[in-house]
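Everything in the sequence shown is counted per the numbering used here, starting at 32 for the first residue and increasing by one. Below: the structure, in structure tokens.
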Amino acid sequence: MASSCEEIDAALARLGGKVDGLNNTINGLKGKLDALEKEQARCCKNKQDKGFDPTPIYKRLNELEVAVKKIVDYVNVTDTAIKAANKSLEFIVNLFNF
């Protein structure tokens, strides 16, 4: 019986060692998980603080719109000038046709 008790005690000691090893592994994993959660919170917090501000894009789009309107106005003025020049040229051509 004594040898069986010793074997049982040895087996329990080995099992206790394995349980302690698993506890150490679990604690290590908990530490890693905590560190990852802190890193995630830090990264997400920084991303939320920065946000996205479209104001510079709207400003540039407004500047482009103003430039395009100026070009359209220039084209309209040029078109009007060309039409007026054509009428003048037609008048001169008609004078020489008589």
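From the three backbone atoms N, C-alpha and C, an ideal C-beta is built for every residue, glycine too.
In this structure, does DSSP put aspartate 84 in helix, strand or coil? Translated into positions along the sequence shown, residue 84 becomes position 53. Three-state DSSP puts aspartate 84 in coil, outside helix and strand.
At the level of alpha carbons, what is the spacing between glycine 48 and serine 35? Residue 48 sits at position 17 when you count from the first residue of the sequence shown. Residue 35 sits at position 4 when you count from the first residue of the sequence shown. Spanning the two alpha carbons is a distance of roughly 20 Å.
Look at the alpha carbon of alanine 44 and the alpha carbon of arginine 73, and state the distance between them as a whole number of angstroms. Translated into the one-based positions of the sequence shown, residue 44 becomes position 13. Translated into the one-based positions of the sequence shown, residue 73 becomes position 42. Answer to the nearest angstrom: the Cα atoms are 43 Å apart.
Cutting at 6 Å between CB atoms, please list the residues of its own chain near glutamate 121, excluding the five before and the five after it. Looking up residue 121 in the sequence shown gives position 90. There are no such residues.
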